[in-house]
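S.K.:
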Amino acid sequence: MKYFDYLDYLEAEAMYILRETAGQFERPALLFSGGKDSITLVHLALKAFRPGKLPFPLVHIDTGHNFPEAIAFRDALVEKTGAELIVGYVQDSIDQGKVVEPTGKYASRNALQSVTLLDTIQAHAFDACIGGARRDEEKARAKERIFSHRDEFGQWQPKKQRPELWNIYNGSLRKGEHMRVFPISNWTELDVWHYILREGIELPSLYFAHRRECILRDGQLLANSDFIYKDEQDVIVEKKVRFRTVGDMTCTAAVESDAETVEQVIEEIKAARTTERGTRVDDQMSEAAMEDRKKQGYF
Amino acid sequence: MDILRFLTAGNVDDGKSTLIGRMLYDSHALLEDQIQAIARASKSKGLPEDEIDLSLITDGLRDERQQGITIDVAYKYFHTDKRKFIIADTPGHVQYTRNMVTGASNCQLAIILVDARNGVTEQTRRHSYVSALLGIPHFVICVNKMDLVDYSQQRFEEIVADYRAMAQSMSVQEVTFIPISALKGDNVVHRSSRMPWYMGKPLLQHLEEVPVTDDLNYELTRFQVQYIIRPKDDRFHDYRGYAGRMMSGTLKVGDAVMVYPAGMMTTVTGIELGGQPLEETQAPMSATLLLADDIDISRGDYIFKPEQMPAIVNEVEADICWLDQKPLMQGGKYWLQHHSKKVQCRVESIIYKTDIHSLQAVENQPFLAMNDIGRVRLRLAEELCIDDYRTNRATGSAILIDSATFNTVAAVMMRVKS
Numbered sequence: 001m002k003y004f005d006y007l008d009y010l011e012a013e014a015m016y017i018l019r020e021t022a023g024q025f026e027r028p029a030l031l032f033s034g035g036k037d038s039i040t041l042v043h044l045a046l047k048a049f050r051p052g053k054l055p056f057p058l059v060h061i062d063t064g065h066n067f068p069e070a071i072a073f074r075d076a077l078v079e080k081t082g083a084e085l086i087v088g089y090v091q092d093s094i095d096q097g098k099v100v101e102p103t104g105k106y107a108s109r110n111a112l113q114s115v116t117l118l119d120t121i122q123a124h125a126f127d128a129c130i131g132g133a134r135r136d137e138e139k140a141r142a143k144e145r146i147f148s149h150r151d152e153f154g155q156w157q158p159k160k161q162r163p164e165l166w167n168i169y170n171g172s173l174r175k176g177e178h179m180r181v182f183p184i185s186n187w188t189e190l191d192v193w194h195y196i197l198r199e200g201i202e203l204p205s206l207y208f209a210h211r212r213e214c215i216l217r218d219g220q221l222l223a224n225s226d227f228i229y230k231d232e233q234d235v236i237v238e239k240k241v242r243f244r245t246v247g248d249m250t251c252t253a254a255v256e257s258d259a260e261t262v263e264q265v266i267e268e269i270k271a272a273r274t275t276e277r278g279t280r281v282d283d284q285m286s287e288a289a290m291e292d293r294k295k296q297g298y299f
Numbered sequence: 001m002d003i004l005r006f007l008t009a010g011n012v013d014d015g016k017s018t019l020i021g022r023m024l025y026d027s028h029a030l031l032e033d034q035i036q037a038i039a040r041a042s043k044s045k046g047l048p049e050d051e052i053d054l055s056l057i058t059d060g061l062r063d064e065r066q067q068g069i070t071i072d073v074a075y076k077y078f079h080t081d082k083r084k085f086i087i088a089d090t091p092g093h094v095q096y097t098r099n100m101v102t103g104a105s106n107c108q109l110a111i112i113l114v115d116a117r118n119g120v121t122e123q124t125r126r127h128s129y130v131s132a133l134l135g136i137p138h139f140v141i142c143v144n145k146m147d148l149v150d151y152s153q154q155r156f157e158e159i160v161a162d163y164r165a166m167a168q169s170m171s172v173q174e175v176t177f178i179p180i181s182a183l184k185g186d187n188v189v190h191r192s193s194r195m196p197w198y199m200g201k202p203l204l205q206h207l208e209e210v211p212v213t214d215d216l217n218y219e220l221t222r223f224q225v226q227y228i229i230r231p232k233d234d235r236f237h238d239y240r241g242y243a244g245r246m247m248s249g250t251l252k253v254g255d256a257v258m259v260y261p262a263g264m265m266t267t268v269t270g271i272e273l274g275g276q277p278l279e280e281t282q283a284p285m286s287a288t289l290l291l292a293d294d295i296d297i298s299r300g301d302y303i304f305k306p307e308q309m310p311a312i313v314n315e316v317e318a319d320i321c322w323l324d325q326k327p328l329m330q331g332g333k334y335w336l337q338h339h340s341k342k343v344q345c346r347v348e349s350i351i352y353k354t355d356i357h358s359l360q361a362v363e364n365q366p367f368l369a370m371n372d373i374g375r376v377r378l379r380l381a382e383e384l385c386i387d388d389y390r391t392n393r394a395t396g397s398a399i400l401i402d403s404a405t406f407n408t409v410a411a412v413m414m415r416v417k418s
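The listed protein sequences correspond, in order, to chains A and B.
Residue 64 in the UniProt record's numbering sits at position 64 of the first sequence, and the numbers go up by one each step.
Residue 207 in the UniProt record's numbering sits at position 207 of the second sequence, and the numbers go up by one each step.
1) In angstroms, rounded to a whole number, what distance separates the CA positions of Gln34 of chain B and Thr274 of chain A?
2) Give the interface partners of Glu20 of chain A over in chain B, defined as CB-CB distance under 9 Å, in chain order.
3) Per DSSP, Leu30 of chain B is paired with what?
4) Apart from the five residues just before and just after Val149 of chain B, which ones in its own chain have a Cβ nearer than 7 Å to its Cβ?
5) Any idea which residues DSSP pairs residue 465 of chain B with across the strands?
6) Please state if the CB of Glu238 of chain A and the CB of Glu213 of chain A are separated by a distance shorter than 8 Å.
7) Between Ala111 of chain A and chain B, is the shortest Cβ-Cβ distance under 8 Å, so that the two count as touching?
8) On the DSSP letters alone, give me the boundaries of the alpha helix (DSSP H) that Tyr6 of chain A sits inside.
9) Look at the alpha carbon of Asp75 of chain A and the alpha carbon of Ile61 of chain A, and state the distance between them as a whole number of angstroms.
10) Taking only runs that begin and end inside the stretch 82 to 147 of chain B, name each unbroken alpha helix (DSSP H) of 4 or more residues, in chain order.
11) Any Cβ of chain E within less than 8 Å of the Cβ of Ile86 of chain B?
12) Counting only Cβ-Cβ distances shorter than 9 Å, please list the residues of the stretch 231 to 258 of chain B near chain A, keeping chain order.
13) List, in chain order, every chain B residue whose beta-carbon is nearer than 7 Å to that of Trp166 of chain A.
14) Based on the DSSP secondary-structure assignment, which residues constitute the bridge partners of Tyr77 of chain B?
15) Just to confirm, is the Cβ distance from Trp322 of chain B to Asn371 of chain B under 8 Å?
16) Going by alpha carbons, who is nearest to Asp127 of chain A out of A:Trp156, A:Glu144, A:Val181?
17) How would you call Pro196 of chain B, buried or exposed, if buried means at least 16 neighbouring beta carbons within 10 angstroms?
18) Identify the continuous alpha helix (DSSP H) that holds Val42 of chain A and give its terminal residues.
19) Hey, does Asp37 of chain A have any beta-carbon neighbour from chain B nearer than 8 Å?
20) Kindly indicate if chain A contains any beta-carbon less than 8 Å away from that of Pro91 of chain B.
21) Can you confirm whether Pro28 of chain A, when its beta carbon is compared against all beta carbons of chain B, has any partner nearer than 8 Å?
22) Go ahead and label Thr269 of chain B buried or exposed: buried means 16 or more other beta carbons lie within 10 angstroms of its beta carbon, across all protein chains shown.
23) Ignoring anything shorter than 3 residues or poking outside the stretch 83 to 110 of chain A, list the beta strand (DSSP E) runs there in chain order.
24) Between the stretch 124 to 156 of chain A and chain B, which residues of the former have a C-beta closer than 7 Å to a C-beta of the latter?
25) Among all the DSSP beta bridges, which residues are the ones paired with Ser248 of chain B?
26) Looking at the strands, I want to know which residues DSSP matches up with Thr8 of chain B.
27) Can you tell me whether Ser257 of chain A is helix, strand or coil according to DSSP?
28) Output the distance between the C-alpha atoms of Glu272 of chain B and Glu280 of chain B, rounded to the nearest integer angstrom.
29) For the stretch 45 to 61 of chain A, which residues have a beta carbon sitting closer than 9 Å to at least one beta carbon of chain B?
30) So Leu368 of chain B and Lys353 of chain B are in contact, right, with Cβ under 8 Å, and what is the actual spacing, rounded?
31) Could you give the DSSP three-state label for Tyr207 of chain A: helix, strand or coil?
32) Considering only the alpha carbon of each residue, which of A:Val241, A:Glu267, A:Gln113 lies closest to Gly154 of chain A?
33) Helix or strand or just coil, what does DSSP make of Leu203 of chain B?
34) Which residue marks the beginning of the beta strand (DSSP E) containing Lys240 of chain A, and which one marks its end?
35) Could you say if the stretch 120 to 139 of chain B and the stretch 222 to 231 of chain B meet the contact criterion of at least three C-beta pairs nearer than 8 Å?
36) On a Cα-Cα basis, can you pick out the residue from B:Leu359, B:Ala311, B:Arg240 that is closest to Leu291 of chain B?
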């Protein structure tokens, strides 16, 4: 019997889930944020359906406060793969008066994304949204099924989750409901990086050490940009940094780093004393910040 | 490096979450911000300054933390140099048995915790029965809280004897007993100096070394089609790839195969992974097959070797765990999902319900209620290709779906008379 590495198992499982999604749903979509997890998902999806095209579009929910590197990368990836790209703009939701732009020092459009996402899902009648969330990221995510049912309000109801048995995924839905599908649930941050190394997957330059002007606030380094409210207590510093996770510029903190290659990033993560989500300002708001956002339709 | 998937089960206060917290903590899988977060939460629960409640690692939902219990399965990940581990932390409460079944269906090993003071209880029996019914090949009975019985060898051996007597009536395949204290860390990651009489391995070492490939069937070749790849562009004009997963067994280019329900024989002319050709593939890999003949093949269809025919059935006996609040009724109609195939079915009869206290079969039951386990006969609207669950977990398993609510209402383990 041939020996299979754990990455082979994880890849096989993810491909199986992606094919179940394409097989079971009428209008699936892949939620693409420009981060390493959704880039890995696109790679897995191309592998699952090659030499055919991707049987679903990429959907990006654009807060308008993106890193320019991430947008450039997104557009290049779409160009290279021939994938269909659909963008939902948070600015549109603000203009329509559906959400109110937060103000003040900790203002971020991150939470507003849920409204834009649900509107985009409804507008395109998507019945399944594939996402790159991993259960190791956060304690509420550790509880989530791979096929995660959302009711007609887009809510996740943790106490009413469908039992998920073996690798049999129940994608049955009533009108107005949809499914969130997480093919890399069982991967950890390190698994993703090992897979990126093995497969030679390209990433935005943000993930590798570079010099950048940062705002030092509450012990975290935020990328200096016009999107962030600054006052006299904020110290602007130039540091050699990289990002472990990429959300928008207002909610993603950088880490000081010298890791310029995938191998160096892996070594750095192995030695790290904090988790990936430790750099996400949005998760630090309260004990159950992620659970609360997910109940309202967040990724 | 390979992967071991295991679950932890036990009574409500037997220390499952503490054990997982201990494994993660002692194997350095917990990082500073996570430790700080649970330290903050421990303090707000009123624990002394220097004590942290490791169980807070797994109880991630607001209600769980407030009530101090585990409601739903939590999946946790860690690795050592030898293995990657996926833990399904399953709830101990009787009313959450359905979540334990969810966790158990994907696991190769079950850790069942027994409180050294209380010994083998009804929940131990229930968790062992469910784990055995779901075909988990390896059991580890962790006799926990040894610190509270003065690390007594005699007490440990009494529990081992009691467990063996209880498990006799179940088809438990392989059992290992380990005396531990999850709270103090004895025999979890490190060998305990307080139990010199224990000659076995500490828990983590056992988890690293137990052989786990034996839960897949490598003999019977079974492939199910999930999706048909037809690029329809100039370069791949006539390409028809059958994308799916090797549920069990192996396939090579050149193998003669039978396609069902078309009932036709053909030959495998190509095997691909991500567009790259392979000479062979095996469970549990995802692959794309190319076949010599143009046969009518749809999603959910089966491909196997003709010399290893599966059972082709339109009526089947099955052990089921009922998971829904609305009971299973005799004569009720449901959807049965056999991986990528979904067919209608009707419950012809409830053969018996298993009394979870005595493990005896109780006949003449008009329904099965939530958390009941029993045997039923199902009539199927279309034929399925199946194997007995006990020889092939992949092809012997299915779920029932309520046709009104679309909820997953039962775990189905099919039986084939040999």
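All residues carry an ideal CB built from backbone N, CA and C; glycine is no exception.
M.R.: Inspection of the coordinates gives the following:
1) Here residue 34 of chain B corresponds to residue number 34 of the second sequence, with the count starting at 1. Here residue 274 of chain A corresponds to residue number 274 of the first sequence, with the count starting at 1. Rounded to the nearest angstrom, the two C-alpha atoms are 8 Å apart.
2) Numbered from its first residue, the first sequence carries residue 20 of chain A at position 20. Within 9 Å Cβ-Cβ: Gln226, Tyr227, His339, Ser340.
3) Start at 1 with the first residue of the second sequence, and residue 30 of chain B comes out as number 30. In the DSSP output, where bridge partners are listed per residue, Leu30 of chain B has none listed.
4) Working through the second sequence from its first residue, we reach residue 149 of chain B at position 149. The answer, listed in chain order, is Ala116, Arg117, Arg155.
5) The structure shown does not extend to residue 465 of chain B, since chain B is modelled only from 1 through 418, so no value can be given for it.
6) The count along the first sequence starts at 1 and reaches residue 213 of chain A at position 213. The count along the first sequence starts at 1 and reaches residue 238 of chain A at position 238. A contact, by the Cβ cut-off of 8 Å.
7) Sequence index remark: in the first sequence, residue 111 of chain A carries index 111 (1-based). Chain B, which has no Cβ nearer than 8 Å to the Cβ of Ala111 of chain A, makes this no.
8) For the purposes of this step, residue 6 of chain A is taken as residue 6 along the first sequence, with counting starting at 1. Here the alpha helix (DSSP H) through Tyr6 of chain A covers 6 to 24.
9) Translated into positions along the first sequence, residue 75 of chain A becomes position 75. Translated into positions along the first sequence, residue 61 of chain A becomes position 61. If you take the alpha carbons of Asp75 of chain A and Ile61 of chain A, they lie about 14 Å apart.
10) 97 to 105, 122 to 133
11) Here the protein chains are A and B, and chain E is not one of them.
12) Pro231, Lys232, Asp233, Arg235, Phe236, Tyr239, Gly241, Ala243, Gly244, Arg245, Met246, Thr250
13) By one-based count along the first sequence, residue 166 of chain A stands at place 166. The contacting residues are Ser105, Asn106, Ser397.
14) Here residue 77 of chain B is taken as the residue at index 77 of the second sequence, counted from 1. The partner list for Tyr77 of chain B (beta bridge, DSSP) reads B:Ile86.
15) Taking the first residue of the second sequence as position 1, residue 322 of chain B is located at position 322. Taking the first residue of the second sequence as position 1, residue 371 of chain B is located at position 371. Cβ atoms of Trp322 of chain B and Asn371 of chain B: closer than 8 Å.
16) As a working mapping, residue 127 of chain A is identified with position 127 in the first sequence. Closest by alpha carbon: A:Val181.
17) The count along the second sequence starts at 1 and reaches residue 196 of chain B at position 196. Exposed.
18) Numbered from 1 along the first sequence, position 42 holds the residue referred to as residue 42 of chain A. Run containing Val42 of chain A: 36 to 49, per the alpha helix (DSSP H) assignment.
19) The count along the first sequence starts at 1 and reaches residue 37 of chain A at position 37. Asp37 of chain A does not count as touching chain B.
20) Position 91 of the second sequence holds residue 91 of chain B. False, the Cβ-Cβ gap to chain A never drops below 8 Å.
21) As a first step, residue 28 of chain A must be located in the first sequence, where it is residue number 28. Output row for Pro28 of chain A: interface = no.
22) In the second sequence, residue 269 of chain B corresponds to position 269, counting from 1. When all chains shown are included, Thr269 of chain B counts as exposed.
23) 85 to 89
24) Arg135, Asp136, Lys139, Ala140, Ala142, Lys143
25) Here residue 248 of chain B refers to the residue found at position 248 when the second sequence is read from its first residue. For Ser248 of chain B, which the question treats as bridged, DSSP gives the partners B:Arg222.
26) Position 8 of the second sequence, counted from the first residue, corresponds to residue 8 of chain B. The partner list for Thr8 of chain B (beta bridge, DSSP) reads B:Asp89, B:Ile111.
27) For the purposes of this step, residue 257 of chain A is taken as residue 257 along the first sequence, with counting starting at 1. Note: Ser257 of chain A maps to coil in three-state DSSP.
28) Along the second sequence, read from residue 1 onward, the residue named residue 272 of chain B stands at position 272. Along the second sequence, read from residue 1 onward, the residue named residue 280 of chain B stands at position 280. Answer to the nearest angstrom: the Cα atoms are 9 Å apart.
29) Leu46, Lys47, Ala48, Phe49, Arg50, Pro51, Gly52, Lys53, Pro55
30) Taking the first residue of the second sequence as position 1, residue 368 of chain B is located at position 368. Taking the first residue of the second sequence as position 1, residue 353 of chain B is located at position 353. Contact flag correct, Cβ pair sits at about 6 Å.
31) The sequence position of residue 207 of chain A within the first sequence is 207, counting from 1. Three-state result, Tyr207 of chain A: helix.
32) Translated into positions along the first sequence, residue 154 of chain A becomes position 154. Here the closest residue by C-alpha is A:Gln113.
33) Against the second sequence, residue 203 of chain B aligns to sequence position 203. Leu203 of chain B falls in the helix class under three-state DSSP.
34) Locating residue 240 of chain A in the first sequence gives position 240, where the first residue counts as 1. Its beta strand (DSSP E) spans residues 235 to 242.
35) no
36) In the second sequence, counting from the first residue as 1, residue 291 of chain B sits at position 291. Of the candidates B:Leu359, B:Ala311, B:Arg240, the one whose C-alpha sits nearest the C-alpha of Leu291 of chain B is B:Arg240.
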